[in-house]
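In what follows, a structure is listed as structure tokens, so that the remarks can point back to it.
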Amino acid sequence: MNSKTPPSDPVPSPGPRQLTLGELASATGMDLDGGAEAAVDRVASLLEAGPGAVSFLANTRYRRQLAQTRATAVILHPSESVEGYPFRILYSRNPYFDFARVARLLNPLPAVQPGIAPSAVVAADARVDAAAEIGEGVVVQSGAAIGPGCRIGPGVVIGSDARLGADCRIEANAAILAGVRLGDRVHVQAGAVIGSDGFGFARGEHHWEAVPQLGAVIIEDDVCIGANTTVDRGSQGDTVIEQGCKLDNLVQVAHNVRIGAHTVIAANTGISGSTVIGSCCTIGGAVGIAGHLEIAAGTTLTGMAMVTGSITDPGIYSSGVPASPNREWRRNAVRFGQLEGLVRRVEQLEKTLGAGDKE
Amino acid sequence: MNSKTPPSDPVPSPGPRQLTLGELASATGMDLDGGAEAAVDRVASLLEAGPGAVSFLANTRYRRQLAQTRATAVILHPSESVEGYPFRILYSRNPYFDFARVARLLNPLPAVQPGIAPSAVVAADARVDAAAEIGEGVVVQSGAAIGPGCRIGPGVVIGSDARLGADCRIEANAAILAGVRLGDRVHVQAGAVIGSDGFGFARGEHHWEAVPQLGAVIIEDDVCIGANTTVDRGSQGDTVIEQGCKLDNLVQVAHNVRIGAHTVIAANTGISGSTVIGSCCTIGGAVGIAGHLEIAAGTTLTGMAMVTGSITDPGIYSSGVPASPNREWRRNAVRFGQLEGLVRRVEQLEKTLGAGDKE
Amino acid sequence: MNSKTPPSDPVPSPGPRQLTLGELASATGMDLDGGAEAAVDRVASLLEAGPGAVSFLANTRYRRQLAQTRATAVILHPSESVEGYPFRILYSRNPYFDFARVARLLNPLPAVQPGIAPSAVVAADARVDAAAEIGEGVVVQSGAAIGPGCRIGPGVVIGSDARLGADCRIEANAAILAGVRLGDRVHVQAGAVIGSDGFGFARGEHHWEAVPQLGAVIIEDDVCIGANTTVDRGSQGDTVIEQGCKLDNLVQVAHNVRIGAHTVIAANTGISGSTVIGSCCTIGGAVGIAGHLEIAAGTTLTGMAMVTGSITDPGIYSSGVPASPNREWRRNAVRFGQLEGLVRRVEQLEKTLGAGDKE
Numbered sequence: 001m002n003s004k005t006p007p008s009d010p011v012p013s014p015g016p017r018q019l020t021l022g023e024l025a026s027a028t029g030m031d032l033d034g035g036a037e038a039a040v041d042r043v044a045s046l047l048e049a050g051p052g053a054v055s056f057l058a059n060t061r062y063r064r065q066l067a068q069t070r071a072t073a074v075i076l077h078p079s080e081s082v083e084g085y086p087f088r089i090l091y092s093r094n095p096y097f098d099f100a101r102v103a104r105l106l107n108p109l110p111a112v113q114p115g116i117a118p119s120a121v122v123a124a125d126a127r128v129d130a131a132a133e134i135g136e137g138v139v140v141q142s143g144a145a146i147g148p149g150c151r152i153g154p155g156v157v158i159g160s161d162a163r164l165g166a167d168c169r170i171e172a173n174a175a176i177l178a179g180v181r182l183g184d185r186v187h188v189q190a191g192a193v194i195g196s197d198g199f200g201f202a203r204g205e206h207h208w209e210a211v212p213q214l215g216a217v218i219i220e221d222d223v224c225i226g227a228n229t230t231v232d233r234g235s236q237g238d239t240v241i242e243q244g245c246k247l248d249n250l251v252q253v254a255h256n257v258r259i260g261a262h263t264v265i266a267a268n269t270g271i272s273g274s275t276v277i278g279s280c281c282t283i284g285g286a287v288g289i290a291g292h293l294e295i296a297a298g299t300t301l302t303g304m305a306m307v308t309g310s311i312t313d314p315g316i317y318s319s320g321v322p323a324s325p326n327r328e329w330r331r332n333a334v335r336f337g338q339l340e341g342l343v344r345r346v347e348q349l350e351k352t353l354g355a356g357d358k359e
Numbered sequence: 001m002n003s004k005t006p007p008s009d010p011v012p013s014p015g016p017r018q019l020t021l022g023e024l025a026s027a028t029g030m031d032l033d034g035g036a037e038a039a040v041d042r043v044a045s046l047l048e049a050g051p052g053a054v055s056f057l058a059n060t061r062y063r064r065q066l067a068q069t070r071a072t073a074v075i076l077h078p079s080e081s082v083e084g085y086p087f088r089i090l091y092s093r094n095p096y097f098d099f100a101r102v103a104r105l106l107n108p109l110p111a112v113q114p115g116i117a118p119s120a121v122v123a124a125d126a127r128v129d130a131a132a133e134i135g136e137g138v139v140v141q142s143g144a145a146i147g148p149g150c151r152i153g154p155g156v157v158i159g160s161d162a163r164l165g166a167d168c169r170i171e172a173n174a175a176i177l178a179g180v181r182l183g184d185r186v187h188v189q190a191g192a193v194i195g196s197d198g199f200g201f202a203r204g205e206h207h208w209e210a211v212p213q214l215g216a217v218i219i220e221d222d223v224c225i226g227a228n229t230t231v232d233r234g235s236q237g238d239t240v241i242e243q244g245c246k247l248d249n250l251v252q253v254a255h256n257v258r259i260g261a262h263t264v265i266a267a268n269t270g271i272s273g274s275t276v277i278g279s280c281c282t283i284g285g286a287v288g289i290a291g292h293l294e295i296a297a298g299t300t301l302t303g304m305a306m307v308t309g310s311i312t313d314p315g316i317y318s319s320g321v322p323a324s325p326n327r328e329w330r331r332n333a334v335r336f337g338q339l340e341g342l343v344r345r346v347e348q349l350e351k352t353l354g355a356g357d358k359e
Numbered sequence: 001m002n003s004k005t006p007p008s009d010p011v012p013s014p015g016p017r018q019l020t021l022g023e024l025a026s027a028t029g030m031d032l033d034g035g036a037e038a039a040v041d042r043v044a045s046l047l048e049a050g051p052g053a054v055s056f057l058a059n060t061r062y063r064r065q066l067a068q069t070r071a072t073a074v075i076l077h078p079s080e081s082v083e084g085y086p087f088r089i090l091y092s093r094n095p096y097f098d099f100a101r102v103a104r105l106l107n108p109l110p111a112v113q114p115g116i117a118p119s120a121v122v123a124a125d126a127r128v129d130a131a132a133e134i135g136e137g138v139v140v141q142s143g144a145a146i147g148p149g150c151r152i153g154p155g156v157v158i159g160s161d162a163r164l165g166a167d168c169r170i171e172a173n174a175a176i177l178a179g180v181r182l183g184d185r186v187h188v189q190a191g192a193v194i195g196s197d198g199f200g201f202a203r204g205e206h207h208w209e210a211v212p213q214l215g216a217v218i219i220e221d222d223v224c225i226g227a228n229t230t231v232d233r234g235s236q237g238d239t240v241i242e243q244g245c246k247l248d249n250l251v252q253v254a255h256n257v258r259i260g261a262h263t264v265i266a267a268n269t270g271i272s273g274s275t276v277i278g279s280c281c282t283i284g285g286a287v288g289i290a291g292h293l294e295i296a297a298g299t300t301l302t303g304m305a306m307v308t309g310s311i312t313d314p315g316i317y318s319s320g321v322p323a324s325p326n327r328e329w330r331r332n333a334v335r336f337g338q339l340e341g342l343v344r345r346v347e348q349l350e351k352t353l354g355a356g357d358k359e
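Going down the list, the sequences are from chains A, B and C. If you read the first sequence in the working numbering, its first letter stands for residue 1, the second for the next number, and so on. If you read the second sequence in the working numbering, its first letter stands for residue 1, the second for the next number, and so on. If you read the third sequence in the working numbering, its first letter stands for residue 1, the second for the next number, and so on.
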């Protein structure tokens, strides 16, 4: 099968760029142990790196790979005692973090090409900064404002009175609907929908009446929103995603949710209406969080966790049972439905034996 | 952090409109206890309401907030005995329902602007009613028909021979694919896909053969479909969503499913092929329903429920276990895998003790 | 309610086509027991079939329906002993598989209409084969290549340097992003996103730093991708979906995942980063698979299974507990949280009784 896989060309970009280790050290503030003139043009894992590559060691489990790597330079924590290796060392107190920065320096994002593509349609009263790039087929509706350095990908819709700060990237076919506010450097991936109507209906005698969703969505600086993720507008107040949050693909954020700064949320997770999530939480994939809850700052929820009550003590919370062979699972799942009865039987046994003890 | 949140302007709309209480009472059929000339222009919760706002009390838990509200008028059930309050009262047997109606009266949807946007592409043999609005970048394919009062948002695709009744709203970048039929007043949110091929493949010796999906999707009057939700066409018969159903974001409806009238389905839920859901069901978020089942009318499924068999008695059904601290969860999850063995041990104990009793 | 359902017209297609049984037998290699001149123009289930229809029997449970069917022809396994029925027989060792082929022969896909729609925007240096169809509103970016027989639906975005082989079908508003490679006959449904950035961030002292996602997505021949499904590009290496895989709607495939040939994955499932799934697996809906795992070829995961460890023995694996009436579920879910304690109590009883035995 592998032989059938067509070769993968590098993703197009202005680079990859070639830089010297001295330039990298200077740009990132890392200390370099010499070899400032050596040029590098890519990043790679220790085992895959060859001459011209920068690698890193963040997990001591991989330390023995240092002996095998052919990288030109390796980013290491200063506490690592490494001698006699042929590679150059960039010292960092956070090697993976600085590796990410080096990777970006060597693979810069394509430069924004200011201007409005011929097939884009921009309302007469929309304000598009001269330093923004508006792609083919984009629609910018009445009253919208787009800041400098923004890159609006092909097919994107920017709704009426939506406002984007500086340097936002909105990818293909995403929709930033009416009145949504984005801060600076917000990244919205393809197909995401920001500002859909919240799910609010009032039960009548014969039908459900839609409750007008009058709020907006506020997304602060440096937030990333994954592909095909949906963020509903508030019913009266706003839905808010605070600065630095990172949301993966296919996440649902219901109306009036607030997500605290720097919280990360993996794919397929759903957050129900009016729930408030603290800052710096780590939320795994396919988690479900009920509505009107509060999740303490710093909480971790593992994948597929089901959260039906507020969490006041930060910590790691989990639910679900890992998959087991179907035959075993069938038996145990049936037994789950009999748990209450089993407890009663054990209580009866304890009573009988306890009675026996007394005799 | 809050201080960094940019202020949220109201979502653009033709209003909010200003109406007198007399006008509201007349439009909704509610009784008013005087003050017909007082003007209001917005809705708000009891605590957030100020002069000019209409609020409501639907849950007696909030009754004491009546003493604090500064609303100009409050919608109350006639059974509430309220005297000496400064606000006006609109009497309703269903305060939240009438609050929703008042909110819509004060915040009407933007009026449809009949006509076809210059960048829209409409096939020569498509029939677009003169009273429909076709947004920028819309594509209407051959044989499609769009009724009066429809509003087709930017970037939407209407497939060949699709038919939309009157007053439908299709939001940005949604896709209504070939042969799909929508009734009147259907609301499809951004990015939703109606009429994708059902997931049907026949296993061959060396590959899966796609089973042609020849049916359509029928969506009846007053249905709402959430953002990025997907509804597959039937394999031979049709997939049907009956009148008044409300589906949230990121819901999956597989081929040949039928959803009964006025059923509501929260986000991230998936319904497998050929399942028939009765009318007036309430289905929570992230529920999974297996294929070829029947769910009785009026059934409630709580969030993350796993439904593997038909439900014939309406009622509330649940599954899943709420998240607990990871350390506890680890132990209990292991014990789940030993449940069958535990039951055997209890049976043995019972046998031993029972034997002992006899002696 | 049914009386309100508007009648469903057939989905537009060049057909349905009329063929003789002789032509069908010849095209599929099935044996026919006479009646080669009889014409058919559609497929149907045994009970719904009438004159002119081809049906099939794949499950012996439905054998008695043979007596009732009015089909002109039925596809049967040669081992079926059927005599005296009025219908013609097409013999197949895999009746459902050949039924799918017959359905396609009678309902061919619309022929590709080579050419570029007037409103499509194709970069000057993109290579679009003359035998490809580029729909209205499509954007093809710089350096992209589209092979012969491809059909690119309205509103689709083909990113820079993406490459599509022959006979791919990309449906409305899907996005094939920069550098993605598709083989031949790949089918991507509406709204799907291929090549979004993987979810990779390095934790810094004050924020998360995006780790550049430098890999691509490789999708091999004959893969189907469902509506609004997302497939992330690799962080350094590529994300790979091998030939013949079928993915349903709203599936999430994270960066650097590899999915083996002919694996099928139902809707709402999420696969975390760097996980390798073997060939010919069957993965149910709403399954969650953690990152960095290996799933053996031929494994079956039932719907909503939670996979947190590698699976080395192929087989059927499951988790979750089917929904039960809410009152029972509440009690049992509480007991789940006490399982560890319950086991201790049973151990204590066993100890007590064991001690008793010894006395």
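Beta carbons are placed, not taken as given, at the ideal position from N, Cα and C, and that holds for glycine. Because the structure is a prediction, the values reported are computed rather than measured.
So which residues on chain E does residue i lean against when the C-beta distance must stay under 9 Å?
{"i": "D248(B)", "result": "Any reference to chain E falls outside this structure, whose protein chains are A, B and C."}
If you draw a straight line from the C-alpha of residue i to the C-alpha of residue j, how long is it?
{"i": "I134(B)", "j": "A44(C)", "result": "38 Å"}
{"i": "E242(B)", "j": "P16(C)", "result": "28 Å"}
{"i": "L177(C)", "j": "R163(C)", "result": "10 Å"}
{"i": "D221(C)", "j": "P148(B)", "result": "44 Å"}
{"i": "R258(A)", "j": "Q348(B)", "result": "53 Å"}
{"i": "P314(C)", "j": "E294(C)", "result": "11 Å"}
{"i": "R330(C)", "j": "R345(C)", "result": "22 Å"}
With DSSP collapsed to three states, give me the class of residue i.
{"i": "L32(B)", "result": "strand"}
{"i": "I151(C)", "result": "Sequence inspection shows Arg at residue 151(C); the Ile mentioned does not correspond to that position. Three-state DSSP puts R151(C) in a strand."}
{"i": "L353(B)", "result": "helix"}
{"i": "V223(A)", "result": "coil"}
{"i": "F336(A)", "result": "helix"}
{"i": "T60(C)", "result": "helix"}
{"i": "G288(C)", "result": "strand"}
{"i": "V343(C)", "result": "helix"}
CB-CB under 6 Å to residue i, same chain, minus the five flanking residues each way: which ones, in chain order?
{"i": "R151(C)", "result": "V112, E133, R169"}
{"i": "V264(A)", "result": "K246, T282"}
{"i": "G273(A)", "result": "A254, H255, N256, G291"}
{"i": "N268(C)", "result": "L250, G285, A286"}
{"i": "V156(C)", "result": "V138, I170, A174"}
Here's the rule: buried if 16 or more other CB atoms are within 10 angstroms of the residue's CB, otherwise exposed. What is residue i?
{"i": "L362(B)", "result": "With chain B running from 1 to 359 in the structure shown, residue 362(B) is simply not present."}
{"i": "S13(B)", "result": "Its pLDDT being 47, under 50, S13(B) is placed unreliably by the model, and the measurement read from it follows with that caveat. Classification of S13(B): buried, given that the 10 Å Cβ count is 16 or more."}
{"i": "Y85(A)", "result": "exposed"}
{"i": "E136(B)", "result": "buried"}
{"i": "S310(B)", "result": "exposed"}
{"i": "E209(A)", "result": "buried"}
{"i": "H262(C)", "result": "buried"}
Mind checking whether the beta-carbon of residue i lies closer than 7 Å to any heavy atom of the ligand ZN?
{"i": "Q348(B)", "result": "Looking for the ligand ZN in the displayed structure turns up nothing, as the structure carries no ligands at all."}
By Cβ distance, which residues of its chain are closer than 8 Å to residue i, with the 5 residues on each side in sequence left out?
{"i": "G237(C)", "result": "G215, N256"}
- Item | Cβ pair count under 8 Å reaching 3, the segment 195–207 of chain B against the segment 187–200 of chain A | Contact fails: fewer than three Cβ-Cβ distances are below 8 Å.
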